Amino acid sequence: MKRRSLDPETPVESAEQSLYEALLSLKNSEEMGAFLSDLCTPAELEVLVDRWRVVPYLLEGVSYREIHERTAVSITTIGRVARYLNQGSGGYLAAAARAARRQSQAAKKAKA
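Sequential numbering from 45 applies to the sequence shown in this note's numbering.
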């Protein structure tokens, strides 16, 4: 995280919590996309997308080299995501599990 030389008016922890609440307040993927496009530079958004793209492959046990060939994401980034999947706070796993449930529910609705 960036170090700041001046004391900000809003403590970092409070600003961080405010960001989390803003993200949670968004109602759908379109709103989230608009928010992230406003919040992030194109390069920052690309990094986030690259990290998220490799999660399903890692969960399936695909090799780093194969993931790289399929996605063009660097081996370094793939390794970083793998490290956080295994030793992180559980955020990737929680999001991946919820995304899988949503996809499963959508598939069931499509068949009905």
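Just so it is clear, CB atoms sit at the ideal spot from N, CA and C, and this is done for glycine as well.
Owing to the predicted nature of the structure, the values given are computational and were not obtained by experimental measurement.
Original post:
Can you tell me the Cα-Cα spacing of valine 93 and valine 117, whole angstroms?
Top reply: 10 Å
**OP:** Using the Cα positions of lysine 155 and threonine 120, report the straight-line distance between them to the nearest angstrom.
**Re:** 40 Å
Subject >> DSSP state of threonine 120 mapped onto helix, strand, coil >> reply: helix
Original post:
Given a threshold of 16 other Cβ atoms within 10 Å of its Cβ, counted over all protein chains shown, does alanine 126 qualify as buried or as exposed?
Top reply: buried
**OP:** Classify valine 56 as buried or exposed, calling it buried when 16 or more other Cβ atoms lie within 10 Å of its own Cβ.
**Re:** exposed
Subject >> serine 58, enclosing alpha helix (DSSP H) - first and last residue >> reply: 56-69
Original post:
According to the Cβ coordinates, are leucine 70 and serine 81 closer than 8 Å?
Top reply: no
Subject >> glutamine 147 versus alanine 141: straight-line alpha-carbon distance, rounded >> reply: 10 Å
Subject >> leucine 102 versus isoleucine 111 - alpha carbon distance >> reply: 8 Å
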